[in-house]
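Please read the structure below before turning to the comments.
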Amino acid sequence: MPTTIRRAVLTLPAAPLGAENPLPSLRTARDVHRLDAAQRKGLPADMARQTGYEPLRSVLPARRRDHYGRKRVLTDVDAIVVENDRLRATVLPGLGGRVHSLEHKPAGRQLLYANPVLQPAHFALNGAWFSGGIEWNIGATGHTPLSVAPLHAARVPAPGGGEMLRLWEWERLRDLPFQVDLWLPDGSDFLYVGVRIRNPHHRPAPVYWWSNIAVPEEEGSRVLAPAESAWRFGYERSLRRVAVPEWEGADHTYPLNSTHAADFFYDVPGGERRWIASLGADGHGLVQTSTDALRGRKLFVWGSGRGGRRWQEWLTEPGTGGYAEIQAGLARTQLEHVPLEPGGEFAWLEAYGPLAADPAAVHGGDWAAARGEAAARLEAALPRAEVDAAYAAWRPYADTEPKESLHTGSGWGALEAERGHYDLPGTPFPVETLGEEQEPWLRFLRTGSHPSPDRTLPPPPSLVSPQWRELLETTDGADLCGAYHLGVARWHTGDRSQAVRAWEGAEHLWFVKRCLAYADAEDGHPGRAADRYLEAVEDACGERRAGASWTAALAGLGEEAVEALLAAGRAGDAEAVLDRLGPGIGERGRFRLLRARVLLALGDAAAAREVFDRGFEVEDLREGDESLGETWYAIEERLLAGDGPVTAEIKARARAKELPASYDFRMRPAP
């Protein structure tokens with residue numbers, strides 16, 4: 001059959017994403033993958049330099065997506081199917097352009113882990129993310145804020161005739177446009193993917209890219225790559241070089257052999273072909289290869305421990321097989337960002353397809369023989385020279401203008417194109433895509449002023465790039481919205497005192513009081529932060545409105561306020577805030593956990609334990625968050641101590657107890 005691109009609908013059990021949190025995310029990026037200067041010592045020079053290059057300060061200007069649920073209902077999801085007589089790729093343009101599934105039709109084999117549900121969880125930099133398929137991670141270390149966002153999609157002529165699917169957007173963390181072109185040459189067993197990231201600015205830009213591929217984690221499945229060593233990063237936050245395949249007595253190329261979650265970044269020697277494969281016990285599976293620009297290769301494992309198993313269940317449904325992730329990126333590790341010069345671009349080609357190897361060679365125990373067998377079978381199925389030739393053939397088509405729109409992304413690219421007058425052939429951002437969130441900024445661009453703010457909700461998302469901050473500085477916060485946005489932009493760049501100065505011009509607004517309270521907490525003034533949070537909660541509750549955005553804002557404010565009040569030793573005030581938020585918010589798992597912590601701080605460990613005994617789920621539990629276990633053990637310690645002090649012996653006895661499996665999300669060995 002000729003290659004086709006068609007719209008489709010995928011019906012899956014899906015949990016609602018909920019509204020974005022309209023409060024600006026002022027939190028300094030607390031990335032579990034960040035290394036400090038001492039940890040960078042001893043690394044190769046380029047790795048040390050790039051791990052310290054422009055780490056993310058915050059997720060601004062992206063808004064947090066943290067108000068999703070866990071009750072799933074059958075939902076129709078927009079999809080685009082790219083298909084020939086050999087492969088069928090199903091893409092979700094409204095969810096980050098995720099390749100949800102890739103089926104090898106002659107074998108009737110699903111090459112990816114295709115999650116049977118859409119369950120958001122807090123793994124993206126701004127919150128909501130879901131597992132499975134192939135995702136395109138751009139921006140900064142972690143899962144992209146575009147994980148559940150719509151991308152632009154269109155038909156585009158493909159090299160050699162036929163059509164390809166183009167996905168594109170404006171990535172806002174680094175302020176860069178990117179595109180992903182997917183096509184299937186006639187009769188090909190491989191999905192080709194051309195990727196381009198451009199820097200239209202007059203300054204260098206830090207770039208991060210990892211193609212993240214979920215593959216079935218089956219008994220006997222093995223991951224192979226052309227490397228004899230790897231950089232292992234565990235959730236105890238250490239990076240070390242380890243041998244491949246064995247480390248600490250276990251062959252970690254078999255994902256089920258690892259006890260705890262970990263990243264293995266394979267150190268592929270220069271000159272070696274770039275590839276990674278996941279092959280089952282029968283020698284069949286998926287291989288990914290690319291041109292040399294996509295340097296890195298990685299295996300992520302959840303581990304066989306209780307915490308890893310719990311996460312796997314959390315991200316899908318009971319009875320579903322687990323998965324591992326194989327990945328390919330621009331740098332050697334995901335802790336690095338790569339500089340892209342002004343006016344420059346990064347571009348490469350990837351290929352995804354089936355691989356069949358001799359299972360005796362793959363699993364025979366000799367690592368060199370196993371990877372040699374996989375490399376030879378890959379070369380026979382898709383020669384390296386053919387990938388390079390496909391890349392060269394694609395490059396002239398990267399600028400081709402789209403023929404037919406299949407999906408619409410955000411209007412942020414159109415706003416940037418309007419401001420910067422950028423020429424970006426192949427990735428148009430037409431003015432027709434400008435929407436309600438961009439309209440106030442378009443007005444500001446043309447008139448230098450913002451509309452008056454609504455007292456009930458924060459204004460549309462702030463913009464924090466150097467170009468927008470310069471424009472905001474010229475007005476010096478002349479209007480209330482301008483003062484608010486200027487403060488957010490200054491905060492993002494680390495100019496805290498001047499951010500506070502801008503916010504003080506609009507401090508009668510509850511959402512500005514919240515900004516000032518957050519600044520007080522960050523700057524070491526817990527008492528003042530607590531007072532301001534109480535004022536902000538009082539004002540916000542007085543303005544209470546119906547609607548999902550309002551509820552998300554009040555929940556975000558309430559969580560921050562309770563945390564700040566606990567930090568200030570004011571558990572009674574924290575309890576009053578929880579009571580004030582109402583049942584619609586208080587029944588969420590995050591607030592039940594906060595309730596248990598408040599009760600413990602008030603000295604009522606028995607009531608805190610009852611919260612856990614009744615059971616709850618923290619819908620937005622963050623990757624690496626250990627607060628569930630920490631709170632449960634703190635309650636146990638207090639109960640064991642009775643009215644006496646919590647001694648070292650009591651702590652040891654509490655730690656000897658097993659954390660209930662439903663609350664065990666630990667991704668590292670227990671302390």
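Read left to right, the sequence shown gives residues 1 to 671 (the UniProt record's numbering). The C-beta atom is built at its ideal place from N, Cα and C for all residues, glycine as well. Bear in mind that the values here come from a model prediction, so they are computed numbers and not experimental data.
Strand pairing of residue i, partner residues [DSSP]
i           : result
residue 168 : 152, 179
residue 323 : 216
residue 354 : 286
residue 244 : Residue 244 pairs with nothing; no bridge assigned.
residue 196 : 179, 347
residue 143 : 124
residue 298 : 265, 327
residue 224 : 277
residue 394 : For residue 394, which the question treats as bridged, DSSP gives no partner whatsoever.
residue 585 : In DSSP, residue 585 forms no bridge with anything.
residue 251 : 246
residue 233 : 239, 263
residue 204 : Residue 204 is not bridged to any residue.
residue 157 : 163
residue 416 : DSSP lists no partner for residue 416.
residue 405 : 154
residue 211 : 136, 328
residue 102 : 89
residue 119 : Per DSSP, none; premise fails for residue 119.
Contact under 8 Å by Cβ, residue i with residue j
i           : j           : result
residue 510 : residue 539 : yes
residue 204 : residue 20  : no
residue 59  : residue 13  : no
residue 200 : residue 226 : no
residue 328 : residue 371 : no
residue 582 : residue 616 : no
residue 222 : residue 254 : yes
residue 334 : residue 322 : no
residue 108 : residue 407 : no
residue 147 : residue 315 : no
residue 621 : residue 591 : no
residue 618 : residue 593 : yes
residue 499 : residue 483 : no
residue 401 : residue 426 : yes
residue 429 : residue 332 : no
residue 102 : residue 111 : yes
residue 573 : residue 534 : yes
residue 288 : residue 275 : yes
residue 442 : residue 394 : no
7 Å CB neighbourhood of residue i in its chain, flanking five on each side removed
i           : result
residue 61  : 172, 461, 462, 463, 464
residue 640 : 650, 653, 654
residue 455 : 509, 543
residue 145 : 59, 62, 124, 125, 126, 139, 173
residue 435 : 411
residue 39  : 239
residue 280 : 218, 220, 221
residue 523 : 496
Own chain, CB closer than 6 Å to residue i, minus 5 neighbours either side, in chain order
i           : result
residue 679 : Residue 679 lies beyond the stretch modelled for the chain, which goes from 1 to 671, so this question has no answer here.
residue 503 : 487, 512, 515, 516
residue 181 : 164, 166, 194
residue 423 : none
residue 638 : 605
residue 310 : 664, 665
Own chain residues within Cβ distance below 8 Å of residue i, not counting five before or after
i           : result
residue 235 : 32, 260, 261, 262, 624, 667, 668
residue 64  : 20, 21, 23, 25, 126, 127, 556
residue 76  : 9, 10, 11
residue 635 : 596, 600, 605, 608, 609, 612
8 Å contact criterion, which residue i and residue j should meet: CB distance rounded
i           : j           : result
residue 97  : residue 151 : 4 Å
residue 568 : residue 529 : 7 Å
residue 598 : residue 566 : 7 Å
residue 695 : residue 362 : An answer regarding residue 695 cannot be provided, because it is not within the stretch 1 to 671 covered by the chain.
residue 197 : residue 345 : 6 Å
residue 558 : residue 585 : 6 Å
residue 284 : residue 356 : 5 Å
query = Where are the beta strand (DSSP E) runs, 3 residues long or more, that stay fully inside the region 36-95, in chain order?
reply = 73-83, 87-92
inquiry  = List, from N- to C-terminal side, the beta strand (DSSP E) runs of 3 residues or more that fit wholly inside the region 445-481.
reply    = none
query = Which ranges does the beta strand (DSSP E) cover as unbroken runs of at least 3 residues, wholly within the region 489-536, from first to last along the chain?
reply = none
task = Could I get the ranges of all uninterrupted alpha helix (DSSP H) runs contained in the region 610-670, with 4 residues as the minimum, in chain order?
result = 627-641, 648-656
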